[in-house]
Structures are given as structure tokens and as C-alpha cells.
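Down below is the structure, laid out as C-alpha cells.
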Amino acid sequence: MATALPTFPSFDPNADQGAPGVRFKKYIARFRNLIVATDIDDPKRQKALLLHYIGEEVNDIFETLTVSEPAEEETVLDVTIKALSEYFTPKQNPVFEEYKFRNAKQTNDEALMTYYTRLKQLSLTCEFHDADREIKSQIIQHGRSQRLRRKALIDPTITLAKLLEMGKAAELADSQAANLERTENVSHFTTGRSKNHNKARFQSRSPGTRVKCRNCGGTYPHEGGKTACPAYGKECRSCGKLNHLQSVCLQDRQCSNPTNPRQRRYPQTAERQDVRAMDNTAETDYSDDSDEVGVFRINVYNMTSDRNKHPLFDVTIEGTLLTIMADSGSSINILDEQDYNKLSPRPSLEQTRVKVHPYQTETPLPVLGQFTSTVASETVNRTETFYVVKETSGSLLSWRTSTDLQLLKVVKPITHQNLPTVEQLTTQYQDLFQELGKLKDYQVQLHIDEGVPPVAQPHRRVPFHVRKQL
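If you're matching positions, the sequence shown starts at 1 in UniProt numbering and goes up one per residue.
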């Protein structure tokens with residue numbers, strides 16, 4: 001009695017879902033599971049079932065193939081599958097396959113295990129001696145997680161399985177932390193605040209609220225403006241800087257409180273560099289995975305002004321051309337929301353604990369997130385991390401990124417020496433500058449062009465009236 005055949009998909013050799021050889025290998029694996037489930041043992045029936053399910057287009061291809069007779073341990077199904085596999089799987093070039101493997105990088109929205117599966121499939125055609133070692137190296141070099149990369153570099157003996165286990169745990173922790181932090185409110189900040197705005201902010205406080213001056217420790221605001229502050233023009237006895245007293249010096253607090261790990265890690269420097277658009281005066285978060293919070297102070301310029309006034313350069317981010325200011329004092333790359341919306345395709349943002357403070361304010365800029373992308377100048381391209389802020393006041397490239405892209409060049413100062421004048425030399429060495437000089441024990445080498453033919457010049461004839469004297 002005939003039985004109904006179970007439903008099974010056909011094979012489309014022209015589908016845009018990867019190499020047909022790899023897809024055909026998966027299709028045959030599923031087909032073998034089908035014949036086991038249906039309990040079909042006859043090889044001829046298995047071959048007929050394969051050609052029935054595989055589709056009309058592949059049947060036409062099979063009719064053009066030369067199928068050899070089965071060997072002793074082979075069946076008609078085996079030789080059929082072998083012939084079709086050779087047709088769908090062209091001869092691979094190991095060099096090019098390895099090139100594709102080396103250029104496979106984890107995307108912003110790609111999970112670690114998805115990235116591992118993609119590398120595993122690419123390694124099948126690379127003929128690696130140790131595929132797990134190559135996959136581990138690729139994850140360390142081109143994976144998204146900086147924390148996972150650091151842990152792998154600390155322990156060179158870490159295995160691929162351990163690396164994947166740590167990566168999955170880190171992604172799970174980040175996802176759970178993001179859900180917990182999603183309910184937090186973000187402080188908003190508008191650039192270009194006027195003095196009247198700040199004054200109104202302080203006047204709106206209740207009369208009983210006392211605001212402490214950060215420079216002298218007294219009541220703020222001072223009557224008469226900033227020049228009325230007792231610390232105005234005074235030099236701090238702790239750090240030597242102007243306009244604040246020792247009692248409120250931040251550097252003095254760091255030295256007196258060594259138990260604060262963040263202050264020990266990021267001490268303030270004794271000098272302060274002039275910057276164009278950003279002044280890094282506090283901690284920097286070396287990694288978004290860190291529990292430390294990086295604080296930056298920013299002073300935004302008008303990015304639409306003349307290029308001759310500000311160091312504005314055209315760079316390409318995610319294939320989009322943007323005009324960004326190169327900052328010699330910045331340590332992070334900032335992209336405002338307006339420039340971020342211009343990117344196509346727009347990269348997904350990751351949450352970050354980095355806080356960006358405008359200059360001399362307590363309210364941080366609302367950081368929407370961060371993303372890692374390739375930024376390219378006319379000659380160089382680099383992979384950098386950008387922090388997206390909810391502002392439209394322009395974007396910044398850090399000092400390191402600007403120098404790597406050859407937009408800025410660091411010129412070391414040259415110490416000029418006071419060279420002696422000619423009068424000083426003649427006075428100091430008078431015996432050498434009297435009468436005719438002579439070089440003793442020195443052989444002069446004349447530089448003669450051998451290609452020029454010599455010409456004999458006759459002696460000058462001596463006049464008659466001077467011959468007796470000669």
C-alpha cells in the first residue's frame with residue numbers, strides 16, 4: 001500500500017544565501033536524517049527520493065553529469081551525492097579563503113556566538129592546521145569587546161571554549177545591566193548658555209539654599225562678580241595654579257585621600273595644556289566595560305565658521321562624508337546627534353558609562369551611546385570608537401585619531417643655540433686670521449669631469465716694458 005511522502009523542501013542552487021556548496025552539504029545532511037526517520041533502507045529508493053525532493057532544476061543538472069559506477073562500499077545514493085557535490089563545490093583557493101577569514105570582523109549588532117559560527121564556516125575552506133587557534137586569534141583581534149580582549153591578552157594560554165564562555169557571560173551581564181539602567185533619567189544640556197541663563201539658574205534657588213564657591217569655599221555668587229572672589233588672582237600653595245585656594249584644591253584632596261581608587265588611577269597634572277575644543281582635566285574611561293566613569297570638559301566652537309579659523313577636515317565614517325574638527329587636546333571622539341543621523345547605514349549604539357561635562361558645569365552632556373566604526377581621511381583609515389551626544393554643536397576628533405589620520409602633526413620644539421658671530425671668532429682665534437693661511441699635511445682632491453675634453457691655454461704674452469723686470 002502506497003504511503004504519502006513527508007514534506008521536504010527542494011534545493012535552490014541560485015539562492016542568495018551563501019555558497020551553493022555549503023548549502024548543498026547542509027541539505028544532504030538533512031536528507032539523510034529524513035531517510036533515517038522514514039526507515040528507507042534501499043539505496044535505489046533513497047536515490048529516487050533525493051531526486052524527487054531536490055527539485056526540477058537540479059534534476060536537469062544531474063542529467064548532464066557523468067556519474068561513475070559505485071565502488072565496493074558505495075551505493076548509488078553515495079555516487080549521486082558525490083557527483084552533485086563536485087558540481088556545486090568548485091575548487092577552492094586557500095589563499096583567497098584565508099583572506100576572507102582574516103577580514104571577517106564582528107559587527108556592532110552581532111553576538112559573539114554568531115560571530116564564532118561565521119568564523120567556523122569560513123575556516124572550513126582555509127585548510128588551517130589548527131582552526132580553533134585561528135578562530136581564537138580572530139576573535140581577540142577583531143571582536144567588539146575590549147574587556148574580553150584584555151582578559152585574553154593577560155592569559156595567553158586561554159582556550160577557545162573558555163574565551164567563548166567568558167564572552168557569553170559578559171554579553172549577558174551587559175544586557176542585564178542595560179535593562180536595569182534603562183529607567184534612569186538623562187540630564188539634558190543646551191550648548192551656548194548665556195551668563196543671564198546661569199544667573200537665573202542660581203537666582204531660582206530657594207533663599208535658604210547655600211551654594212559654595214568652588215574656588216574659595218565661600219558663599220556663591222559673589223557680589224561684584226568673579227573679581228570679588230577672595231581667590232581671584234591668588235596662587236594655590238598646593239598645586240601652584242591661579243584663582244583658587246589650597247583649602248578647595250582638588251589635587252590636594254587627591255594626595256590626602258589615597259583610598260580613592262579613581263583618584264589614584266587618574267592624578268591631575270601640574271600643568272595644563274591649551275586646547276582648541278576640548279580640555280581633558282579629569283578621569284578618562286579606558287574602556288566602556290570599566291566601572292570607572294570618565295569625565296570630560298568641553299568648550300564647543302561654531303563648526304560652521306570659516307575653515308581657515310578652525311581645523312576642520314573632511315573624513316568618511318561608515319561611508320558618509322562628514323566635516324569634523326580635529327582637536328589636539330581631546331582624548332575621545334565625539335559625534336553630535338545631527339552628524340550621527342547622517343550616517344548611512346547608521347550603526348547601532350551601545351550603552352556607555354562615560355560622562356562628558358561642558359567646561360565649568362556640573363550637568364553632563366546627554367550621551368546617547370557609543371559605536372565603533374572605520375574613519376578614513378584622504379590617505380589613512382582607522383577603526384575608532386565614537387561617543388554620540390544629544391547636541392548639534394559639531395563633532396570632534398581626538399588627538400590620537402587626528403594624528404593617526406595624518407590630520408594633525410606633532411612638531412617637537414627646537415632649542416636654538418646662540419652661535420658666535422664672526423667678530424667673536426676672529427677675536428678668539430687671532431693667530432689664525434693673520435697674513436695668508438696654509439693647510440698643512442692636507443692633500444686637495446680636484447673634481448674633474450672626465451667627459452670634458454681638455455683644452456691647452458697658451459701663456460699670456462708679457463709686455464715689452466715689463467720683460468726686464470721679470
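By construction, the Cβ of each residue, glycine as well, lies at the ideal position given by its N, Cα and C atoms.
- In the three-state DSSP reduction, R133 falls in the helix class (H, G or I).
- Here V389 is buried. Its C-beta has 16 or more other C-beta atoms within 10 Å.
- If you compare the alpha carbons of T379, L343 and K120 with that of F386, the shortest gap goes to L343.
- With fewer than 16 other CB atoms across the displayed protein chains lying within 10 angstroms of its CB, S348 is exposed.
- A distance below 6 Å between beta-carbons, with the five flanking residues on each side excluded, links P453 to no residue of its chain.
- Between E350 and G319, the CB-CB gap reaches or exceeds 8 Å.
- By the CB criterion at 8 Å, L397 and N333 fall inside the cutoff.
- Three or more beta-carbon pairs separated by less than 8 Å link the stretch 104-112 to the stretch 140-152, which places the two stretches in contact.
- Here A4 is exposed. Its C-beta has fewer than 16 other C-beta atoms within 10 Å.
- A contact is defined here as three or more CB-CB pairs under 8 Å, and the stretch 118-127 fails this definition with respect to the stretch 63-81.
- Residue pairing by DSSP puts I324 in a beta bridge opposite F313.
- Across the structure, T401 and L163 are spaced so that their CA atoms are roughly 30 Å apart.
- Partner residues in a beta bridge of T38, as assigned by DSSP, do not exist.
- By the Cβ-count criterion, S393 is buried, with 16 or more other Cβ atoms from all chains shown falling within 10 Å of its own Cβ.
- Looking at the backbone, the Cα of D41 and that of R23 are separated by about 25 Å.
- In the DSSP assignment, F386 falls within the beta strand (DSSP E) that extends over N381 to V389.
- Counting C-beta atoms within 10 angstroms of its own C-beta, H447 has fewer than 16 neighbours from the protein chains shown and is therefore classed as exposed.
- At a Cβ-Cβ threshold of 8 Å, T75 and E97 do not count as neighbours.
- Its Cα nearest to that of S395, the residue A326 stands out among D130, E69, Y220 and A326.
- Around the beta-carbon of F31, 16 or more other beta-carbon atoms lie within 10 Å, marking it buried.
- A residue is called buried when at least 16 other Cβ atoms come within 10 angstroms of its Cβ; S68 does not meet this threshold and is exposed.
- Taking C-beta atoms under 8 Å as the contact rule, D314 and T323 qualify, at a distance of about 6 Å.
- Across the structure, I81 and E57 are spaced so that their CA atoms are roughly 15 Å apart.
- The count of Cβ pairs closer than 8 Å, one atom from the stretch 210-217 and one from the stretch 229-248, reaches three, so the stretches are in contact.
- Its chain contains V462 as the residues whose beta carbon lies nearer than 8 Å to that of L470, once the 5 sequence neighbours on both sides are disregarded; these appear in chain order.
- Here V95 is exposed. Its C-beta has fewer than 16 other C-beta atoms within 10 Å.
- Look at L242 here: in three-state DSSP terms it is strand.
- Taking F11 as the centre and dropping the five residues before and after it, the same chain places the C-beta of F24, Y27, I54, G55 and V58 closer than 7 Å to its C-beta, in chain order.
- Inter-residue distance for F88 and L50 is about 16 Å (C-alpha atoms, whole angstroms).
- C229 sits away from C239, with the two beta carbons spaced by 8 Å or more.
- Rounded to whole angstroms, the separation of the alpha carbons of A376 and P13 is 38 Å.
- A29 sits exposed, since fewer than 16 C-beta atoms from the chains shown fall within 10 Å of its C-beta.
- Here F371 is bridged, per DSSP, to F386.
- Distance between Q138 and A170, taken at the CA atoms: about 18 Å.
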